[in-house]
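Last residue of the sequence shown: 612 (this note's numbering), numbering continuous.
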Amino acid sequence: MRKRLITPPNELISALLRTPFRPEFFTLNGVRIPYMRLEVPFPVEDLFEWLSAQNLFPKVYFETELDGAIAAIGSVFQTNEIPTFSEETGPRLFGGRDFMKRRKNSWKSFPDCSYFLPLIEIEKRKEGTFLCINRTEENLDFTLEPPLPLEGSFSPISRFDSPSYPVWEREIGDILKGINRNEYLKVVLARCTKLEGEGHCSPYALLKNLSGNHRFAFQFSEKEAFISSTPEMLYRRVGDHVQCAAIAGTSPRGSTPEKDAFFKDQLLNCPKERHELDVVKDMIVKTLSPLCLSVSISECTTLQTTYVHHLHHLIEGTLQPGVTDHMLVDALHPTPAVGGFPKVETCREINKREHFDRGWYAAPIGFVSPEKAHHMVAIRSALVEENTLRLYAGTGIVKGSTPIREWEELEHKISQYMAFYEK
Numbered sequence: 190m191r192k193r194l195i196t197p198p199n200e201l202i203s204a205l206l207r208t209p210f211r212p213e214f215f216t217l218n219g220v221r222i223p224y225m226r227l228e229v230p231f232p233v234e235d236l237f238e239w240l241s242a243q244n245l246f247p248k249v250y251f252e253t254e255l256d257g258a259i260a261a262i263g264s265v266f267q268t269n270e271i272p273t274f275s276e277e278t279g280p281r282l283f284g285g286r287d288f289m290k291r292r293k294n295s296w297k298s299f300p301d302c303s304y305f306l307p308l309i310e311i312e313k314r315k316e317g318t319f320l321c322i323n324r325t326e327e328n329l330d331f332t333l334e335p336p337l338p339l340e341g342s343f344s345p346i347s348r349f350d351s352p353s354y355p356v357w358e359r360e361i362g363d364i365l366k367g368i369n370r371n372e373y374l375k376v377v378l379a380r381c382t383k384l385e386g387e388g389h390c391s392p393y394a395l396l397k398n399l400s401g402n403h404r405f406a407f408q409f410s411e412k413e414a415f416i417s418s419t420p421e422m423l424y425r426r427v428g429d430h431v432q433c434a435a436i437a438g439t440s441p442r443g444s445t446p447e448k449d450a451f452f453k454d455q456l457l458n459c460p461k462e463r464h465e466l467d468v469v470k471d472m473i474v475k476t477l478s479p480l481c482l483s484v485s486i487s488e489c490t491t492l493q494t495t496y497v498h499h500l501h502h503l504i505e506g507t508l509q510p511g512v513t514d515h516m517l518v519d520a521l522h523p524t525p526a527v528g529g530f531p532k533v534e535t536c537r538e539i540n541k542r543e544h545f546d547r548g549w550y551a552a553p554i555g556f557v558s559p560e561k562a563h564h565m566v567a568i569r570s571a572l573v574e575e576n577t578l579r580l581y582a583g584t585g586i587v588k589g590s591t592p593i594r595e596w597e598e599l600e601h602k603i604s605q606y607m608a609f610y611e612k
């Protein structure tokens, strides 16, 4: 059999860049921008190894069950707001924003809001793997590095929880008093678990190890990367059709099929957990209805991840003419699943009681193009630095919640990260 010759990546890119620059145009937030997209088949097996080896920032990894997997580097265009396109076709911009306004000088390399058009994308689709170059100018000069085995020698030696359990117990007690006074129905309180250790913490080795069909990473500098394996979709839009997910309630997975079925049934039949789901569902429907011509709701089911079950509704609608992705994000974020209800009062409680900045944790992240958009909610996430790992998890406090049970839920939600270092 004749062996197929594979063109080295940089020779392939050089050939693509010699293609005459004949741009199309897209208008974004009122600005007309030239761009040209070139795409060729590209044989790379491991996107995590490829992305880790590159020296060009920003970097993004975005994987969903419906959209496939994309690893991208560099930026040829960037905007500090959620994109609004004037045309019906155009490029795909990746990005995200803060959960709420920051109070401290944390998340140093992460902008408050940023969406960018990558220079290079490697995209795995059903029909194969492709290298894509986005050009907004005539001349470009860069070099790709070959994929390298992922190396991570991080070993945690200390753990610090913010808040500590005694503080958590007090805060939950105060929130429950507010619920009993009818100040709010639900408050989602989060915890930041800081692990410090020896050796290098590789974000892409950790991300590769995480299970699930919805994984992402954003890295704006060498110093820190934000990664997640999230079960929660804020919304997905194709044309004028929009889908949202209402998710609430948590129970562990069982070690046997019988135990797993027991935990699943227990979750489905728990009044406290069903009430929490109803709060999320009702708020999403109430928010979407003015933006849509019609809205439908699926039956309650369970959503399974490797370590936990969640209660779940799928909510779908047809958008009114003129509704933008910016409008959808502003209306839906934060959902009661990550903030609580009502929105203003619960965000005030979060700001008062959490002594760390959420940054991009629990915030909308994803991509926007004229044809479609997909924003996930950045939970089950970690901020990765050289020898520090910050794990973020939150839990919904409603009538019937107890501090110890909610603390145990936080432990379930970070268990996938902890298991990686306990092997």
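Every residue, glycine too, gets a C-beta built ideally from N, C-alpha and C.
A quick note: this is a predicted structure, and the numbers were derived from the prediction, not measured.
Cross-strand partners of TYR373 (DSSP beta bridge): DSSP lists no partner for TYR373.
Beta-ladder partner(s) of SER444, from DSSP: The partner list for SER444 (beta bridge, DSSP) is empty, contrary to what the question assumes.
Residues near HIS564 by beta carbon distance below 7 Å, same chain, minus five either side: LEU423, TYR424, VAL518, PRO553, ILE554 and GLY555
Boundaries of the beta strand (DSSP E) in which GLU228 is found, first to last residue: Here the beta strand (DSSP E) through GLU228 covers 220 to 230.
GLU312 (DSSP reduced to helix, strand or coil): strand
Strand pairing of ARG582, partner residues [DSSP]: According to the sequence shown, residue 582 is Ala rather than Arg. Per DSSP, ARG380.
Distance between LYS475 and ARG537 (C-alpha atoms, nearest Å): 21 Å
Within-8 Å CB hit, PHE214 to chain D: The structure shown contains no chain D; it is built from a single protein chain.
Under 8 Å between C-beta atoms of ARG286 and ASP546: no
8 Å Cβ cutoff met for GLU238 and LEU337: yes
Under 8 Å between C-beta atoms of ALA406 and PRO392: Yes; because the gap between Cβ atoms is below 8 Å, this pair is in contact.
Sequence-distant residues of its chain with Cβ nearer than 7 Å to LEU482 (five each side left out): THR507 and GLN509
Cβ shell of HIS389 (< 8 Å), same chain only, five flanking positions each side left out: GLU340, GLY341, SER342, PHE343, GLU575 and ASN576.
Limits of the unbroken beta strand (DSSP E) element including LEU306: Element bounds for LEU306: 302 to 306.
Outcome for VAL427 when other beta-carbon atoms lying within 10 angstroms are tallied against a minimum of 16: exposed
Cβ-based burial, TYR250 [other Cβ within 10 Å; buried from 16]: buried
The region 366 to 383 contacting the region 217 to 226, beta-carbon criterion three pairs below 8 Å: no
Cβ pair ILE361, ILE568 closer than 8 Å: no
CA nearest to the CA of HIS403, picked from ILE202, LEU206 and SER570: Distance from the Cα of HIS403 is smallest, within the candidate group ILE202, LEU206 and SER570, for SER570.
LYS290 in three-state terms, based on DSSP: coil
Cβ shell of TYR696 (< 6 Å), same chain only, five flanking positions each side left out: Look at the range of the chain in this structure, 190 to 612, and you will see that residue 696 is not part of it.
Continuous alpha helix (DSSP H) stretch holding THR535: start and end: 532 to 542
Proximal residues to VAL265 (C-beta, below 6 Å), its chain only, five neighbours per side dropped: LEU306, LEU308, ASN323 and THR325
3-residue-minimum beta strand (DSSP E) runs that sit fully inside the region 394 to 432, ordered along the chain: 404 to 408, 414 to 418 and 422 to 427
Backbone secondary structure at THR216 - three-state DSSP: strand
Rounded C-alpha distance that separates PHE288 from ALA204: If I take the Cα positions, the gap works out to 42 Å.
Selected residue, minimal CA-CA separation from LEU240, among GLU276, LEU384, ASN371 and ALA414: Considering only GLU276, LEU384, ASN371 and ALA414, the residue with the shortest C-alpha distance to LEU240 is ALA414.
Distance between ILE368 and ASN294 (C-alpha atoms, nearest Å): 32 Å
First and last residue of the uninterrupted alpha helix (DSSP H) at VAL573: Premise fails: VAL573 lies in the beta strand (DSSP E), 570 to 573, not in any alpha helix (DSSP H).
CA-to-CA distance, GLY589 to ILE262, given in whole angstroms: 46 Å
Buried or exposed by the 16-neighbour rule on C-beta atoms within 10 Å, applied to GLY317: So GLY317 counts as exposed.
Span separating the alpha-carbon of PRO592 from that of PRO352: Note on geometry: alpha-carbon atoms of PRO592 and PRO352 lie some 12 Å from one another.
Inter-residue spacing [alpha-carbon to alpha-carbon] between HIS430 and LYS561: 9 Å
Where the alpha helix (DSSP H) containing GLU462 begins and where it ends: 460 to 477
Alpha-carbon spacing of THR382 relative to ARG207, whole angstroms: 49 Å
Cβ-Cβ separation, GLU334 to ALA394 (assumed contact under 8 Å), whole Å: Actually they are not in contact, since the Cβ atoms of ALA394 and GLU334 sit about 17 Å apart, beyond 8 Å.
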